[in-house]
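Listed in order, the protein sequences are those of chains A and B.
Residue 10 is where the first sequence starts when you use this note's numbering, and the numbers rise one by one after that.
Residue 43 is where the second sequence starts when you use this note's numbering, and the numbers rise one by one after that.
C-beta atoms are modelled at their ideal positions from N, C-alpha and C, and glycine is treated no differently.
Structure record follows, encoded as structure tokens.
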Amino acid sequence: MSQVDWNNYACRDFYDELLAAPGKPRASADELCNMLAHFSAEELAERKTAAEIAIRTMGITFTVYSEGAMIDRAWPFDIVPRIIPANEWRKTEAGLKQRVQALNLFIDDLYHDQKVIKDKVLPAEVLAQSANFRPQCVGINPPHGVWAHICGSDLVRGGDGTLYVLEDNLRIPSGVSYMLENRNVTKRVLPELFASGKILPVDDYVAQLYDMLAAMSPRPGDDPQVVVLTPGIYNSAYFEHAYLAQQMGVELVQGSDLLVDDDDVVYMRTVEGLRRVDVIYRRVDDEFLDPEVFNPHSMLGVPGLMRSWRAGKVALANAPGAGVADDKVVYAFVPDIIRYYLDQEPLIPNVPSYLCMFEDDRKYVLDHLDELVVKPANESGGYGMLIGPRSTKETRDEFARLIKANPRNYMAQPTLALSTTPTLANGLPQPRHVDLRPFILSGPETHVTTGGLTRVALVEGSLVVNSSQGGGSKDTWIVETDENAAGAAEQKGA
Amino acid sequence: MLSRVAENLYWMARYIERAEDTARLLSVNSHLMLDLPRHLPLGWAPLIEMTGTLEAFNARHTSFDERNVVHFLCADAQNGSSILSALASARENLRTTRDVVPREIWEEVNQLYLSVADHAENGVSPRRRDAFLKNVIRGCQTLTGLIEGTLSHGPARTFIKLGRQLERADMTTRIVDVRSASLLPQNPEELLPFENLQWMSVLKSLTAYQMYRQQVRLRVRGPDVLRFLLQDPHLPRSIACSLETLGHELQLLPRQDRVAATVSLVRADVVDADIQALAHSPSKLHAFVDELQIGFAAIHDTLSATYFVNADSVPRVTQRQSQSHAGDHDND
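Structural data, given as structure tokens:
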């Protein structure tokens, strides 16, 4: 008995990732939709339970601070994968590489000659008021000229099917471990579909990450000592820090495990004694990295770390100061930045943005607060935002005051008709809004993850996908859709 | 290996061993209570003394009845030595160090903790207790097996074994101490009723009964059991054997001289002990066990000072020195 009837799938109002229209799966999703349509309600529920058990057993968790204590929550996961055809993905991949290449040139320029400002591509006041520009980093030359070695760019799809970049995370983007684990869970839960071999694998990432980090070592030729620096178990992304360290086979260290000696070299405390560290994949924010230079009260960092980095005796990924380019106001200039440094047209568009620092834009934003999404320049995790259509008059007035008081700190975008994808709710697939976070590695070579982390707003109609605010995630499949493979669609539901 | 990681692994192993040994104690005591007449003084109170939690227990309960004691030792999250707390602590210690052990070990610890957290109340119900405790013991043994079978020989394994052996020696002395105090007659000529049965329970709590029969081939008598548990070189849970293993493991670590010397001293104490004298005087035995416990604390303290607390004062490791020097010569 068929329980999932795609004809009843209500995807009319938004672009849906899997179905072109009710009852009409896209070519890339045909096999999956067919298989789900042949599942009984019990079978579907069984697969969902199997996923929950796998997540519990594998200990895939994220940490929430609130609720009085640190709580480890099972990772909210939806079993129905989101699918992107491989030919579309290849174009997206090229666009992401282009974008990150330009951003790295931009950051390097800001810490050196600032030609981008002299040539009036970026207004001087944007840089002057940037919260993430670090004067301590001026003049430093990180290996390969790369500052943002690991970038997580959020992509969203609008009503017309176009993918836009919503923001770039250049400081310490997280989520890649969930991308990898979502695939592991999905392989356990829907093994039938992997048999056809059309789903591109995602597990190159860890090896690429390690190679990139190792290539940054200040002692080339020697076997480099790479470590992952975590703020510790109370950090919401701790699971990921431990996961990546384990997968790469490197030490997971905390600030207290490291010290910088008079020779400006970083050492870690081991049972054998002190051991030199060459490369630090740091998952600690700039401000907490080194109490000698930044926040003097930080217990998470390592006194002297910046001294060692400046002396070229340790490599840091991402480089301190890289966050200057993930300011949401700088974001609006990224298309110009790409044209300026690469002399190319951007391959992936930005979401149209209004900058409150410009008088015309500000007037428009203040007049249309009920239609727009307003974002502060330097928040992440979806905090401090105004979602106009869902706001009260009171919060709109509050935001109007905030914007007038500090226009440089705010930008606004139209409320996007975010695409949806089938997601189980009450036992049946229902359209839920999604975004996508691919990860881009920049070293001697550039690599983009195959797909990325798809985050889904589990609540009907909601646009908030952040796991800290009730979002979930699902596996992302990049699927080859050539004619030869079409016959495999017959093997469904085995 | 990072000092902090070594310390976490060491504690993880101690907590796993503590959970297992506590489950063994509860299991054997439950069986013993079924065999003994009600009027015997022996009850549930000795278990609280054995685990060194008397003060905490008294703060929470007024009587040593079965329900209170078993709940306190199985399921009480406030009691740091309960099975539930020990497994929670093991899990927390491994959580921060899971990157150095095979994933299956983490999954097993996680799974064991979650299943115990879900079913801890079953330990309290006499009908379900046996299955619950067996599950705990089996889970801990599975972990030990996974560690033995999958974790590479190296510092992680060494620190785990150090923790396990020290905790095991410690738990065995506790069992010997408390059980003996109630079992050794003040007058050696006097044979206590059911003495045989109770000494058997001591052996069984350490899964040592059959090994005793094979090795000692005598009826179960106090002095013989005591010698077996303290000095037998072959029984994995005897104190001498635990310390012997501890000493072997230490040889795998750098800078082990001080710790190894401390272990040798304690081990000599055990091996040279006059069992006949101890068996005939509960107060001498108690004093001896105290001495051993102080020795175990000294082993822990030296271990901690050498490997865990602060490695600032120790020499630098010139890592892969020979390799990099070879490289330099090539370049020259």
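Alpha carbon of residue i to alpha carbon of residue j, nearest angstrom
| i | j | result |
| --- | --- | --- |
| Leu-129 (chain B) | Leu-119 (chain A) | 52 Å |
| Ile-9 (chain A) | Glu-97 (chain A) | Outside the shown range of chain A, which is 10 to 503, sits residue 9 (chain A), and nothing can be said about it. |
| Ser-49 (chain A) | Phe-342 (chain A) | 51 Å |
| Pro-275 (chain B) | Val-331 (chain B) | 18 Å |
| Gly-122 (chain B) | Arg-210 (chain B) | 17 Å |
| Ile-347 (chain A) | Ala-111 (chain A) | 5 Å |
| Arg-279 (chain B) | Pro-240 (chain A) | 40 Å |
| Pro-94 (chain A) | Val-488 (chain A) | 5 Å |
| Ser-69 (chain B) | Arg-309 (chain B) | 29 Å |
| Thr-186 (chain B) | Pro-88 (chain B) | 28 Å |
| Thr-490 (chain A) | Ala-159 (chain B) | 47 Å |
| Leu-253 (chain A) | Ala-320 (chain A) | 27 Å |
| His-504 (chain A) | Glu-176 (chain A) | Summary: the structure shown does not reach residue 504 (chain A), with chain A confined to residues 10 through 503, and so no result is reported for it. |
| Ile-217 (chain B) | Leu-53 (chain A) | 52 Å |
| Ala-282 (chain B) | Arg-169 (chain B) | 37 Å |
CA nearest to the CA of residue i, picked from the options
| i | options | result |
| --- | --- | --- |
| Ala-421 (chain A) | A:Trp-156, A:Asp-376, A:Leu-105 and A:Gly-330 | A:Asp-376 |
| Arg-284 (chain A) | A:Val-269, A:Met-394, A:Gly-393 and A:His-158 | A:Val-269 |
| Lys-457 (chain A) | A:Tyr-214, A:Gly-264 and A:Arg-291 | The sequence given here places Val at residue 457 (chain A); Lys does not occur at that position. Answer by Cα proximity: A:Tyr-214. |
| Val-382 (chain A) | A:Ala-224, A:Ile-62, A:Asp-294 and A:Arg-399 | A:Arg-399 |
| Pro-182 (chain A) | A:Val-135, A:Glu-201, A:Asp-294 and A:Leu-131 | A:Asp-294 |
| Leu-395 (chain A) | A:Val-165, A:Lys-384 and A:Glu-403 | A:Lys-384 |
| Gln-478 (chain A) | A:Val-13, A:Glu-40, A:Ala-30 and A:Trp-84 | A:Trp-84 |
| Arg-263 (chain B) | B:Leu-294, B:Leu-295, B:Ile-317 and B:Leu-292 | B:Ile-317 |
| Phe-270 (chain B) | B:Ala-48, B:Ala-321, B:Glu-150 and B:Glu-237 | B:Ala-321 |
| Trp-486 (chain A) | A:Glu-26, A:Asn-17, A:Ala-19 and A:Gln-12 | A:Glu-26 |
| Arg-278 (chain A) | B:Val-351, B:Gly-196 and B:Arg-137 | B:Val-351 |
| Val-274 (chain A) | A:Pro-312, A:Asp-22 and A:Ala-30 | A:Pro-312 |
| Phe-338 (chain B) | B:Asp-63, B:Leu-295 and B:Val-312 | B:Val-312 |
| Trp-2 (chain B) | B:Glu-146, B:Met-75, B:Thr-138 and B:Val-218 | Since the first residue shown for chain B is 43 and the last is 374, residue 2 (chain B) is missing from the structure and cannot be characterised. |
| Pro-197 (chain B) | B:Ser-325, B:Leu-292 and B:Ser-323 | B:Leu-292 |
| Pro-210 (chain A) | A:Pro-227, A:Ala-466, A:Gly-461 and A:Gly-480 | A:Gly-461 |
Interface residues of chain B facing residue i [CB-CB closer than 9 Å]
| i | result |
| --- | --- |
| Leu-261 (chain A) | Leu-44, Val-47, Thr-138, Thr-139, Arg-140, Asp-141 and Val-142 |
| Asp-266 (chain A) | Leu-44, Ser-45, Arg-46 and Val-47 |
| Ile-505 (chain A) | What the structure shows of chain A is the stretch from 10 to 503, and residue 505 (chain A) is not part of that stretch, so it cannot be assessed. |
Cβ-based burial, residue i [other Cβ within 10 Å; buried from 16]
| i | result |
| --- | --- |
| Gly-205 (chain B) | buried |
| Ala-132 (chain B) | buried |
| Met-242 (chain B) | buried |
| Arg-143 (chain A) | buried |
| Asn-100 (chain B) | exposed |
| His-342 (chain B) | buried |
| Gln-256 (chain B) | exposed |
| Ala-250 (chain B) | buried |
| Ser-124 (chain B) | buried |
| Glu-163 (chain B) | exposed |
| Val-237 (chain A) | buried |
| Gly-148 (chain A) | exposed |
| Lys-337 (chain A) | buried |
| Leu-76 (chain B) | exposed |
| Leu-298 (chain A) | buried |
| Pro-151 (chain A) | buried |
| Gly-77 (chain A) | Annotation note: pLDDT 47 at Gly-77 (chain A) (below 50); position unreliable, coordinate value reported separately. By the neighbour-count rule (16 or more Cβ atoms within 10 Å), Gly-77 (chain A) is not buried but exposed. |
| Leu-222 (chain A) | buried |
| Thr-195 (chain A) | buried |
Contacts of residue i in chain A (Cβ-Cβ under 9 Å)
| i | result |
| --- | --- |
| Asn-152 (chain B) | Arg-65, Thr-66, Met-67 and Gly-68 |
Paired residues, beta bridge with residue i - DSSP
| i | result |
| --- | --- |
| Cys-160 (chain A) | A:Ile-449 |
| Phe-71 (chain A) | A:Arg-82 |
| Trp-486 (chain A) | A:Ile-92 |
| Gly-480 (chain A) | A:Ala-466 |
| Thr-430 (chain A) | A:Arg-441 |
| Glu-176 (chain A) | A:Asp-163 |
Short CB-CB distance (under 8 Å) between residue i and chain D
| i | result |
| --- | --- |
| Tyr-52 (chain B) | Reference to chain D is not applicable here, since the protein chains of this structure are A and B. |
Within chain A, the residues that residue i reaches when beta carbons sit closer than 7 Å
| i | result |
| --- | --- |
| Ala-149 (chain B) | With the sequence shown as reference, residue 149 (chain B) is identified as Glu, and Ala is not the correct amino acid for it. Residues of chain A passing the Cβ test: Thr-66, Met-67 and Gly-68. |
| Pro-197 (chain B) | Val-280 |
Beta-carbon neighbours of residue i, restricted to chain A and to distances below 8 Å
| i | result |
| --- | --- |
| Leu-156 (chain B) | Arg-65 |
| Tyr-349 (chain B) | Val-280 |
Closer than 7 Å at the beta carbon, the chain B residues around residue i
| i | result |
| --- | --- |
| Ala-251 (chain A) | Arg-140 and Asp-141 |
| Gln-255 (chain A) | Arg-140 and Asp-141 |
| Met-277 (chain A) | Leu-44 |
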